Amino acid sequence: MRTLAVIGFSLVCALLLSLFSQIQDLLRYIFSLGALYAGIQFFRRYEGRGMRIAFVVTTVLFYFAFTVIIAMVIAMKQMNA
175 MRTLAVIGFS LVCALLLSLF SQIQDLLRYI FSLGALYAGI QFFRRYEGRG MRIAFVVTTV
235 LFYFAFTVII AMVIAMKQMN A
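For the sequence shown, my numbering assigns the number 175 to the initial residue and increments by one for each residue that follows.
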């Protein structure tokens, strides 16, 4: 169950941070605050050092994966236009 919690919170945070890095509007800060809120909620629920390290590492890995996927989708759209 803890593994699913780490993966779930990490996916949410990574997706919000990826959107934050891709959007250039004022709306981007809402995504940043959402990721911060999700991170705070995770740190409140799970106090173990291992869980927190796993959360941060998994979030960074998912962030890079989402950023690459978003960049590939944008490149494909520009190629077709």
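We put the CB at the ideal spot given by N, CA and C, even for glycine. These figures come from a predicted structure and were not determined experimentally.
When C-alpha distances from Q196 are compared across F240, A179, V234, R176, the shortest belongs to F240.
When the Cα atoms are used, A245 and Q198 turn out to be separated by approximately 15 Å. Of L235, F229, A249, the smallest CA-CA separation from Q215 is found for F229. Secondary structure of L201 (DSSP, three-state): coil. When the five nearest sequence neighbours on each side are left out, the beta carbons in the same chain lying within less than 8 Å of the beta carbon of L190 are those of F205, S206, G208, A209, A212, in order along the chain.
Between F236 and L201, the C-beta spacing is not below 9 Å. Exposed is the label assigned to V242, since fewer than 16 other Cβ atoms lie within 10 Å of its Cβ.
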